[in-house]
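Trainee:
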Amino acid sequence: ASLIQEFTSAYGGNQSVCKSIDDIAYTNTLKQIFHQEKLPHFDIERSEFILSIGGDFLGTWLAPVKHGRSWGEFRQGEGRNRGTLIHVDSRFSLTAANADEWLPITPGQEGKFALSVAFVLLDEGLVNKEIADDLTQGQGSRALIDFAPDTIADQLGIPHVRHRNTPDIIRETAREFAKHGAKSLAIGGGNAAAHTNGSFNMNAIYLL
Numbered sequence: 258a259s260l261i262q263e264f265t266s267a268y269g270g271n272q273s274v275c276k277s278i279d280d281i282a283y284t285n286t287l288k289q290i291f292h293q294e295k296l297p298h299f300d301i302e303r304s305e306f307i308l309s310i311g312g313d314f315l316g317t318w319l320a321p322v323k324h325g326r327s328w329g330e331f332r333q334g335e336g337r338n339r340g341t342l343i344h345v346d347s348r349f350s351l352t353a354a355n356a357d358e359w360l361p362i363t364p365g366q367e368g369k370f371a372l373s374v375a376f377v378l379l380d381e382g383l384v385n386k387e388i389a390d391d392l393t394q395g396q397g398s399r400a401l402i403d404f405a406p407d408t409i410a411d412q413l414g415i416p417h418v419r420h421r422n423t424p425d426i427i428r429e430t431a432r433e434f435a436k437h438g439a440k441s442l443a444i445g446g447g448n449a450a451a452h453t454n455g456s457f458n459m460n461a462i463y464l465l
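Residue numbering for the sequence shown is 258 to 465, as defined by this note's numbering.
Have a look at this one:
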């Protein structure tokens with residue numbers, strides 16, 4: 258940025274900086290939820306289960322070289338079992354191609370999927386009750402009743418996979434997420450943030 262400013266000033270020009278809509282939604286969410294104005298380090302290498310929603314972290318999103326190195330550890334690092342990745346995206350990206358399961362979704366509906374997973378976690382008692390009550394003001398799953406799998410399944414556009422319907426897919430994803438506890442990781446960005454409701458999507462994913 259300093260070099261560009263020096264160059265443009267020398268020719269009497271002005272430097273303009275613009276951010277894409279997905280980057281704005283992403284960074285604003287991180288600031289709101291984590292109270293930090295910096296990009297997070299996703300601990301991919303030490304995770305056992307990753308639910309990636311929109312962010313093509315093995316393609317061009319954020320830091321693909323760093324993510325690629327971490328991915329190698331996630332898949333075949335020494336002294337650990339192979340990690341599992343479910344990728345939810347409207348596009349068949351490089352991350353989708355490498356995932357154990359790609360769930361195609363209607364563009365812009367990613368946040369509803371994340372909240373539906375959260376509903377199952379709360380409804381089936383798969384998360385710490387104290388934390389759940391704190392996040393939902395004591396309402397538990399009632400706070401997310403509008404996002405119950407059977408309620409929003411038709412809005413997501415996820416096709417039936419191997420004789421499983423969409424509500425079953427959401428429930429199985431939530432149970433797998435809970436199964437690995439602190440070794441589970443939710444990542445969101447990219448396509449999921451590039452909508453007029455991008456902030457809603459990002460908030461849902463990172464609250465999850």
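Idealized CB from N, CA, C, for every residue including glycine.
For a test of the three-state rule: what should DSSP assign to A320, helix, strand or coil?
Mentor: Numbered from 1 along the sequence shown, position 63 holds the residue referred to as residue 320. Correct three-state label for A320: coil.
Trainee: Does DSSP put I362 in a helix, in a strand, or in coil?
Mentor: Counted from its first residue, the sequence shown places residue 362 at position 105. I362 falls in the coil class under three-state DSSP.
Trainee: Could you pull the start and end residues of the alpha helix (DSSP H) that T265 belongs to?
Mentor: On the sequence shown, residue 265 is found 8 positions in, with the first residue counted as 1. T265 -> alpha helix (DSSP H) spans S259 to A267.
Trainee: Run the CB neighbour count on G385, radius 10 Å, all protein chains shown included, and call it buried at 16 or more, exposed below.
Mentor: The residue labelled residue 385 in the question sits at position 128 within the sequence shown. Before going further, note that residue 385 is Asn rather than Gly in the sequence given. So N385 ends up on the exposed side.
Trainee: So the beta strand (DSSP E) I343 belongs to, where does it begin and stop?
Mentor: Taking the first residue of the sequence shown as position 1, residue 343 is located at position 86. T341 to D346 is the span of the beta strand (DSSP E), which, as asked, contains I343.
Trainee: For E302 versus S327, is the C-beta spacing smaller than 8 Å?
Mentor: Locating residue 302 in the sequence shown gives position 45, where the first residue counts as 1. Locating residue 327 in the sequence shown gives position 70, where the first residue counts as 1. In this structure, S327 lies closer than 8 Å to E302 by Cβ.
Trainee: Give me the Cα-Cα distance between A439 and S273, rounded to the nearest whole angstrom.
Mentor: Reading the sequence shown from its first residue, position 182 is the one you call residue 439. Reading the sequence shown from its first residue, position 16 is the one you call residue 273. The alpha-carbon atoms of A439 and S273 are separated by roughly 42 Å.
Trainee: Mind reading off the beta-carbon distance from G447 to D279? Whole number of angstroms is fine, and I expect it under 8 Å.
Mentor: Counted from its first residue, the sequence shown places residue 447 at position 190. Counted from its first residue, the sequence shown places residue 279 at position 22. About 6 Å separates the two Cβ atoms, so the contact holds.
Trainee: What number of angstroms, rounded off, separates the C-alpha of C275 from the C-alpha of K323?
Mentor: What you label residue 275 is simply residue 18 of the sequence shown in a count that begins at 1. What you label residue 323 is simply residue 66 of the sequence shown in a count that begins at 1. Between C275 and K323, the C-alpha separation is close to 25 Å.
Trainee: Can you list, in chain order, the residues of its chain with a C-beta nearer than 8 Å to that of N338? Leave out the 5 residues immediately preceding and following it.
Mentor: Here residue 338 is taken as the residue at index 81 of the sequence shown, counted from 1. Cβ neighbours of N338 beyond the five flanking positions: E305.
Trainee: DSSP has A356 in a bridge; who is on the other side?
Mentor: The sequence position of residue 356 within the sequence shown is 99, counting from 1. Answer is none; A356 lacks a bridge partner.
Trainee: Does the distance from the CB of V377 to the CB of I362 come in under 8 Å?
Mentor: In the sequence shown, residue 377 corresponds to position 120, counting from 1. In the sequence shown, residue 362 corresponds to position 105, counting from 1. No. Outside cutoff.
Trainee: Measure the Cβ-Cβ separation of G311 and E367 and say whether it is below 8 Å.
Mentor: For this step, residue 311 is matched to residue 54 along the sequence shown. For this step, residue 367 is matched to residue 110 along the sequence shown. Contact flag set, yes.
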